[in-house]
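Student:
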Amino acid sequence: MDSIIFDLDGTIWDSVDTIVDAWNSSIQKCLAGKMQLTRVDLEGVMGLQADDISKKLFPTLDEELRKKVMDECFNADGEYIKKQGGQLYPNVKEVLSRLSKKYKLFIVSNCQEGYIEAFYEYHQLEKYFLDFENAGRTGLSKGENIKLLMERNNLQSSVYVGDTAGDLKAARFAGIPFVYAEYGFGTVIEYDYVIERFDKLLEIF
0 MDSIIFDLDG TIWDSVDTIV DAWNSSIQKC LAGKMQLTRV DLEGVMGLQA
50 DDISKKLFPT LDEELRKKVM DECFNADGEY IKKQGGQLYP NVKEVLSRLS
100 KKYKLFIVSN CQEGYIEAFY EYHQLEKYFL DFENAGRTGL SKGENIKLLM
150 ERNNLQSSVY VGDTAGDLKA ARFAGIPFVY AEYGFGTVIE YDYVIERFDK
200 LLEIF
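At position 156 of the sequence shown the residue is numbered 155 (numbering that gives the first Met the number 0), and the sequence of numbers has no breaks.
#1: Please list, in chain order, all residues of the same chain as Phe184 whose beta carbon is under 6 Å from its beta carbon, the five residues on each side excluded.
#2: Buried or exposed for Glu189, please, with buried defined as at least 16 other CB atoms from any protein chain shown within 10 angstroms of its CB.
#3: Quick one: Cα of Gln48 to Cα of Ile175, how far?
#4: Quick one: any contact between the segment 56-76 and the segment 89-104, if contact means 3 or more CB pairs under 8 Å?
#5: Does the Cβ of Val107 have 16 or more other Cβ atoms within 10 Å, making it buried, or fewer, making it exposed?
#6: Which residue or residues does DSSP assign as beta-bridge partners of Lys103?
#7: Are the segment 135-151 and the segment 14-23 in contact at 8 Å, needing three or more beta carbon pairs?
#8: Contact check, Glu71 vs Cys29 under 8 Å by CB: the rounded distance?
#9: Exposed or buried, which one is Ala31 when buried takes at least 16 other CB atoms within 10 Å?
#10: At which residue ranges does the segment 15-97 contain complete alpha helix (DSSP H) runs of 4 or more residues, listed in the order of the chain?
#11: So the beta strand (DSSP E) Asp166 belongs to, where does it begin and stop?
#12: Which two residues bound the contiguous alpha helix (DSSP H) that contains Gly135?
#13: Assign Asn133 to one of two classes, buried (16 or more other C-beta atoms within 10 Å of its C-beta) or exposed (fewer than that).
#14: Between Tyr119 and the rest of its own chain, which residues show a CB-CB distance below 7 Å, the 5 nearest in sequence each way excluded?
#15: Which residue comes first and which comes last in the beta strand (DSSP E) that contains Ile188?
#16: Give the single residue among Ala170, Ala164, Val193, Leu148 whose Cα lies nearest to the Cα of Val187.
#17: Beta-carbon separation of Lys103 and Ile3 under 9 Å?
#18: In this structure, does DSSP put Phe204 in helix, strand or coil?
#19: Rounded to whole angstroms, what's the CA-CA distance from Tyr121 to Ser156? Just pull it up for me.
#20: Pick helix, strand or coil for Ile115, following the three-state DSSP scheme.
#21: Could you check how far apart the C-beta atoms of Glu181 and Glu195 are, in whole angstroms? I think they sit under 8 Å.
#22: In three-state DSSP terms, what is Gly142?
Okay, here's the thing in structure tokens:
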């Protein structure tokens, strides 16, 4: 094995509380406070692509308004995360430091463009990762982005670490093993490895 590719939300950190603040500020601006999201609402869409998130959270809005609201939400995301960050899971920095000495580390997420950069900026973790990809930049599915990143970096033997059924699907699409982070947001019944804490990666790898 030459590399480990990570999902971000629900795998490396929990940024839901920050995102709730950011998105509610945008909803207030676009919808004059006619609705408000909760942490539970956001947990239910973590890992989905933007269009699926918008349809699930704003099903009664017409397509044009839904897109406007989502654009505002995503724009607010980056600014809030740069200021507030998110909650790293226990021992993330130490584990990444140790793993990076042995493996090439990467991130592939369904997030919007700028989100991973904001994560790097707040928590100063960019030094552990060699590259990243996301749906906001490419418009591709997570599985397609994993394959794209692997090809770009000439990776021959990777694993993907994630917390949702969508992450499993992406790993299977890319033809690589899947490590299920069961402490995250999703429920997955099929996997190659499972970890109940982030530092359990050190026992596997």
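Ideal Cβ positions, reconstructed from N, Cα and C, are used throughout, including at glycine.
Tutor: Quick look at the numbers:
#1: Gly9, Glu42, Met45, Asp162
#2: With fewer than 16 Cβ atoms within 10 Å of its Cβ, Glu189 is classed as exposed.
#3: A direct Cα-to-Cα measurement between Gln48 and Ile175 gives close to 21 Å.
#4: no
#5: buried
#6: For Lys103, the pairing in a beta bridge is given by DSSP as Ser2.
#7: no
#8: Contact between Glu71 and Cys29 is confirmed by a C-beta separation of about 5 Å, below the 8 Å threshold.
#9: exposed
#10: 15-30, 38-42, 49-56, 62-83
#11: Premise fails: Asp166 lies in the alpha helix (DSSP H), 164-173, not in any beta strand (DSSP E).
#12: 134-137
#13: buried
#14: Glu125
#15: It is not in any beta strand (DSSP E) - Ile188 carries neither H nor E in the DSSP assignment.
#16: Ala164
#17: yes
#18: coil
#19: Using only the alpha carbons, I get a separation of about 30 Å.
#20: helix
#21: 6 Å
#22: In this structure, Gly142 counts as helix in the three-state DSSP scheme.
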